[in-house]
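Same order as they appear, the protein sequences are chains A and B.
In this text, residue positions in the first sequence follow our numbering: the first is 4, and each later residue adds one.
In this text, residue positions in the second sequence follow our numbering: the first is 4, and each later residue adds one.
Protein chains: 2
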Amino acid sequence: MTSTHLTRRFAVIMAFAAALLAFVAPAKAENDVTTFFLDNGLQVVVIPDRRAPVVTHMVWYKVGSADEEPGRSGVAHFLEHLMFKGTERHAAGEFSAVISAIGGSENAFTSQDYTAYYQQVGPESLLTMMEFEADRMRGLILTEEVVAPELDVVIEERRARIDSSPGGLLGEELEATLFQNHPYRMPVIGWMHEIEKLDREQAVAFYDLHYAPNNAILVVAGDVDAGTVRELAERTYGAVPRGPELPPRERPQEPPQDTDRTVTMTDPRVSVPSLQRAWLVPSYNSAAPGEAEALDLLAEILGGGVRSRLYQQLVVKTGIAASAGAGYRASALDDTSFSVYGAPRGEADLAAVEAAIEAQVALIANEGVTDDELRRAKDRFVRSMIFARDSQTGMARIYGALLATGSTVEDIEGWPDRVRAVTADDVRDAARRYLAARAHVTGYLLPQAGAGQ
Amino acid sequence: MTSTHLTRRFAVIMAFAAALLAFVAPAKAENDVTTFFLDNGLQVVVIPDRRAPVVTHMVWYKVGSADEEPGRSGVAHFLEHLMFKGTERHAAGEFSAVISAIGGSENAFTSQDYTAYYQQVGPESLLTMMEFEADRMRGLILTEEVVAPELDVVIEERRARIDSSPGGLLGEELEATLFQNHPYRMPVIGWMHEIEKLDREQAVAFYDLHYAPNNAILVVAGDVDAGTVRELAERTYGAVPRGPELPPRERPQEPPQDTDRTVTMTDPRVSVPSLQRAWLVPSYNSAAPGEAEALDLLAEILGGGVRSRLYQQLVVKTGIAASAGAGYRASALDDTSFSVYGAPRGEADLAAVEAAIEAQVALIANEGVTDDELRRAKDRFVRSMIFARDSQTGMARIYGALLATGSTVEDIEGWPDRVRAVTADDVRDAARRYLAARAHVTGYLLPQAGAGQ
């Protein structure tokens with residue numbers, strides 16, 4: 004089965020930021036999002052979408068790589084793989100075979116803060132999905148016979164995705180440098196030397212502790228009403244016993260960062276140099292009211308696509324860059340990263356790209372953004388929202404990711420209004436406070452012959 | 004009371020490296036070091052030294068800041084302070100008052116890997132010292148009334164030693180960058196935001212788990228024979244019950260490091276810029292046979308004092324540097340750091356100093372050291388050894404630190420022979436393998452107006 008890692012490299016940050024930005028405007032009555040809890044603590048969210056006979060069924064566990072014990076990086080993701088290994092009731096692979104037979108699709112992914120499993124099927128198959136998903140919520144059976152070969156799969160996955168990619172390795176060391184104390188410094192997939200030592204016992208302990216209705220969120224989006232979802236959920240998930248009571252998710256936090264840092268990877272496989280710079284900033288969950296929204300709009304105005312200042316100035320106007328942009332990993336439980344990136348075009352110099360990026364950041368911090376820019380950025384958000392309404396899975400992901408990182412349904416529903424309330428001064432202040440006045444970490448990816456920074 | 008932190012800044016690294024190098028040659032019969040265990044697991048080491056009527060009495064606990072739980076940095080050092088707070092038998096301050104009254108001295112220190120307490124007194128007071136020290140091994144009484152004010156003392160200590168010192172802050176971020184996964188990345192004194200949250204419960208839990216005869220080493224050096232020490236130790240420490248059985252000290256290890264990193268602190272309080280560069284290298288405990296000895300000699304030849312290549316070339320010959328040297332944090336449980344450092348003199352440039360340091364490292368990696376240099380370096384070791392024989396405390400510290408980080412008494416006694424066996428090729432190979440071929444982290448301390456690296 005395929006799993007998508009929300010690693011911290013730019014493509015994914017951007018995709019995820021886009022998904023977050025893609026939140027829909029307040030729902031009309033027939034589209035009202037509803038939420039309720041089962042007696043065993045499972046939160047259920049229903050997002051009606053009647054346009055087509057399709058439902059998206061997602062279960063989000065409030066556990067990710069940042070909840071792993073020291074020395075056991077990768078266990079959250081390893082368990083994501085193992086969740087397809089069967090229960091007393093269903094053999095390994097049976098769930099996927101059923102989905103395939105009815106023409107559905109499925110996926111799973113692990114992030115720092117959550118792990119999610121989803122299927123997209125016709126409404127008539129929702130009950131079947133719930134039965135399977137509820138069954139493996141606490142009924143997973145892990146024998147040595149299934150665990151050992153799957154560990155080899157994960158090791159191979161790491162080799163293919165990270166170890167063979169200079170950018171992947173640089174990204175890991177950049178994160179490990181930006182975060183000095185917080186477990187966000189560890190790669191979601193885990194460090195190879197720790198993956199290799201994972202075993203059945205560790206996976207089972209992690210599963211027993213974290214996989215339970217009282218630590219999960221069920222999101223159902225699509226052609227189904229809340230009453231039906233409640234009835235089906237009670238018949239299936241309702242029978243799953245509570246798991247252990249878990250303490251608050253209080254991870255070690257960052258100390259003040261007083262130094263600028265660089266992380267340089269030189270590799271013969273690199274043909275075009277590039278750089279990325281990251282700052283530690285608050286997330287939607289850790290920010291003071293309004294600040295995360297201002298950072299979101301700052302990322303959009305500074306580097307969110309082809310209309311952004313970075314793209315217009317570096318790629319279009321001066322042409323020194325082949326790419327340039329910004330990203331904000333907004334939906335995180337704890338303080339997170341705001342990043343900019345760029346790569347030179349042709350004979351242009353990486354240092355010139357870096358200086359131009361710095362100048363654009365300084366310009367916003369010093370002079371702010373125009374009302375027109377802000378209005379257009381908000382408009383782009385609205386267009387993203389409209390686009391998201393076309394994406395049932397996108398909506399379900401937004402709700403799941405934000406609910407799993409400390410937001411409430413009310414927070415999510417109030418988000419568009421909070422974004423509209425952001426002023427040009429708020430955006431300038433966010434750039435001043437979090438970018439201009441704070442230490443940063445810059446990663447350089449250089450060809451072997453490159454002179455370096 | 005005074006406590007000395009083995010933090011990772013250069014002065015201390017160097018002092019400690021010097022102490023390690025200062026190990027004495029194999030003892031003559033009357034000076035034979037003996038070791039035995041009490042029934043409760045306490046290891047006892049006796050180092051006879053009859054030259055003066057003085058004994059050094061040290062207890063080493065095999066626990067340090069690298070054994071702290073995530074989010075609780077500083078608890079090992081906080082507990083070191085709390086160890087002076089009294090027991091059922093002795094009020095707070097009584098132990099220190101007795102030492103003072105008899106004209107003795109005392110100290111305590113916390114490192115990444117161990118915590119130690121010692122007194123120097125006349126032989127007639129050894130029993131008293133043992134009684135007090137055995138009493139507080141498991142008998143410490145910590146009430147809210149004594150814990151809370153001592154936390155303020157520690158907070159003030161951190162403020163004075165680290166937060167008011169740009170070099171101190173840079174050193175912390177350098178360590179946090181060099182170590183991406185291992186707990187050596189955390190400061191021994193703890194990060195302020197975590198110190199502030201330490202409490203009685205955490206200190207007591209740490210104490211109960213780690214302070215016990217089966218996790219401690221008693222080192223007695225001085226004017227006393229092994230038979231007497233055994234008899235006194237059995238009367239005092241022998242009555243202390245075993246503590247919990249502790250698992251092996253397996254900390255999270257470093258992933259491969261594939262990037263060069265820099266950490267730059269710019270501060271108006273800095274008048275002269277300086278740099279230090281660190282590599283991850285094996286320690287005496289983690290190295291293959293002979294490699295740590297080669298690294299020790301490499302540090303000595305490259306940068307151990309005024310005869311070293313760095314000093315001679317940068318300070319004496321070209322005169323571009325006001326200081327330059329190297330250090331190796333040899334006695335650590337896990338992989339550790341090898342460092343070089345330098346600061347420009349007068350109008351010389353930090354970049355020139357850095358280039359000159361790099362050239363000296365490359366020279367050894369490419370061309371090795373001369374037999375004459377190696378012989379003289381070994382001679383300097385021997386002279387350090389002779390000097391150490393004059394220092395009873397120095398000897399006790401060498402035994403304690405090495406025994407607490409995985410060495411045996413036999414390892415320590417065989418050390419001079421292993422150093423003598425190191426060849427010039429071994430030193431060159433160590434420079435090649437661990438410095439030239441490996442990623443490094445460079446810290447820059449710059450005046451506010453400084454142009455940066």
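Backbone N, C-alpha and C define an ideal beta-carbon position, used for all residues, glycine too.
In this text the structure is predicted, and so the values were computed from the model without any measurement.
Beta-carbon proximity check, residue i vs residue j, cutoff 7 Å
i	j	result
proline 152 (chain A)	valine 227 (chain A)	no
valine 284 (chain A)	leucine 298 (chain A)	yes
proline 251 (chain B)	histidine 185 (chain B)	no
valine 62 (chain B)	glutamate 71 (chain B)	no
valine 191 (chain A)	serine 387 (chain A)	no
glycine 246 (chain B)	asparagine 217 (chain B)	yes
phenylalanine 346 (chain B)	valine 275 (chain B)	With the sequence shown as reference, residue 346 (chain B) is identified as alanine, and phenylalanine is not the correct amino acid for it. Yes; because the gap between Cβ atoms is below 7 Å, this pair is in contact.
proline 73 (chain A)	proline 271 (chain B)	no
arginine 203 (chain A)	glutamate 237 (chain A)	no
arginine 348 (chain B)	alanine 325 (chain B)	yes
isoleucine 198 (chain A)	isoleucine 158 (chain A)	yes
alanine 399 (chain A)	threonine 37 (chain A)	no
threonine 269 (chain B)	leucine 449 (chain B)	yes
valine 364 (chain A)	leucine 438 (chain A)	yes
Span of the beta strand (DSSP E), counted from its first residue to its last, around residue i
i	result
arginine 280 (chain A)	277-284
alanine 327 (chain A)	324-331
glutamine 345 (chain B)	Correcting the residue type first, residue 345 (chain B) is glycine in the shown sequence and not glutamine. It spans 339-347 - the beta strand (DSSP E) in which glycine 345 (chain B) sits, taken as one unbroken run.
phenylalanine 182 (chain A)	Taken as a continuous stretch (DSSP letters only), phenylalanine 182 (chain A) belongs to no beta strand (DSSP E), as it is neither H nor E.
tryptophan 63 (chain A)	58-64
phenylalanine 39 (chain A)	37-40
glycine 106 (chain B)	No beta strand (DSSP E) holds glycine 106 (chain B); DSSP gives it neither H nor E.
glutamate 223 (chain A)	The question names glutamate, but residue 223 (chain A) is valine in the sequence shown. Looking at the DSSP string, the run of the beta strand (DSSP E) that includes valine 223 (chain A) is 219-225.
threonine 445 (chain B)	443-450
DSSP three-state assignment for residue i, whether helix, strand or coil
i	result
asparagine 288 (chain B)	coil
leucine 45 (chain B)	coil
methionine 268 (chain B)	strand
glutamate 199 (chain B)	coil
methionine 17 (chain B)	Caution applies to methionine 17 (chain B), whose pLDDT of 33 falls short of 50 and renders its modelled position unreliable; the value that the coordinates give is listed next. Helix.
aspartate 70 (chain B)	helix
tyrosine 437 (chain B)	helix
histidine 213 (chain A)	helix
serine 128 (chain B)	helix
aspartate 263 (chain B)	strand
phenylalanine 26 (chain B)	Unreliable positioning characterises phenylalanine 26 (chain B) in this predicted model, as indicated by a pLDDT of 43, which lies under 50. A coordinate reading is not provided.
glycine 170 (chain A)	helix
glycine 193 (chain B)	coil
glutamine 123 (chain B)	strand
glycine 96 (chain A)	coil
glycine 307 (chain B)	coil
Partners in chain B for residue i, counting only beta-carbon separations shorter than 9 Å
i	result
valine 266 (chain A)	Thr180, Thr262, Asp263, Arg264, Thr265
glycine 74 (chain A)	Asn184, Glu253, Arg254, Pro255, Gln256
glutamate 176 (chain A)	Gln183, Pro258, Gln260, Asp261, Thr262, Arg264, Ala442
leucine 172 (chain A)	Pro259, Asp261, Thr262
Proximal residues of chain B, C-beta to C-beta of residue i below 8 Å
i	result
tryptophan 194 (chain A)	Asn184, Pro258
Amino acids of chain A, ordered along the chain, whose beta-carbon sits closer than 7 Å to that of residue i
i	result
arginine 188 (chain B)	Gln183
Start and end residues, alpha helix (DSSP H) containing residue i
i	result
threonine 231 (chain A)	229-239
glutamate 257 (chain B)	Per DSSP, glutamate 257 (chain B) belongs to no alpha helix (DSSP H) and is neither H nor E.
alanine 355 (chain A)	353-370
proline 244 (chain A)	No alpha helix (DSSP H) holds proline 244 (chain A); DSSP gives it neither H nor E.
threonine 396 (chain A)	395-406
aspartate 52 (chain A)	Aspartate 52 (chain A) -> no alpha helix (DSSP H), and no H or E assigned at all.
Hey, is the stretch 137-145 of chain A in contact with the stretch 83-101 of chain A, meaning 3+ C-beta pairs nearer than 8 Å?
With a cut-off of 8 Å on Cβ pairs, the stretch 137-145 of chain A is in contact with the stretch 83-101 of chain A, counting three or more such pairs.
Segment contact, 8 Å Cβ cut-off, at least three pairs: the stretch 439-447 of chain B with the stretch 274-291 of chain B
Touching, yes.
Quick check: the stretch 203-217 of chain A against the stretch 79-89 of chain A, are at least 3 beta-carbon pairs closer than 8 Å?
Yes: at least three Cβ pairs fall under 8 Å.
When the Cβ atoms of the stretch 328-336 of chain A are set against those of the stretch 166-182 of chain A, are three or more pairs found closer than 8 Å?
As far as the Cβ criterion goes, the stretch 328-336 of chain A does not touch the stretch 166-182 of chain A, which means the pair count is below three.
Counting pairs of beta carbons, one from the stretch 400-412 of chain A and one from the stretch 44-63 of chain A, are three or more of them closer than 8 Å?
Contact holds: three or more Cβ-Cβ distances are below 8 Å.
With three or more C-beta pairs closer than 8 Å as the rule, is the stretch 288-298 of chain A touching the stretch 419-433 of chain A?
Yes, the stretch 419-433 of chain A touches the stretch 288-298 of chain A.
Are at least three pairs of beta-carbons, each pair with one atom in the stretch 160-180 of chain A and one in the stretch 46-56 of chain A, less than 8 Å apart?
No, they do not touch.
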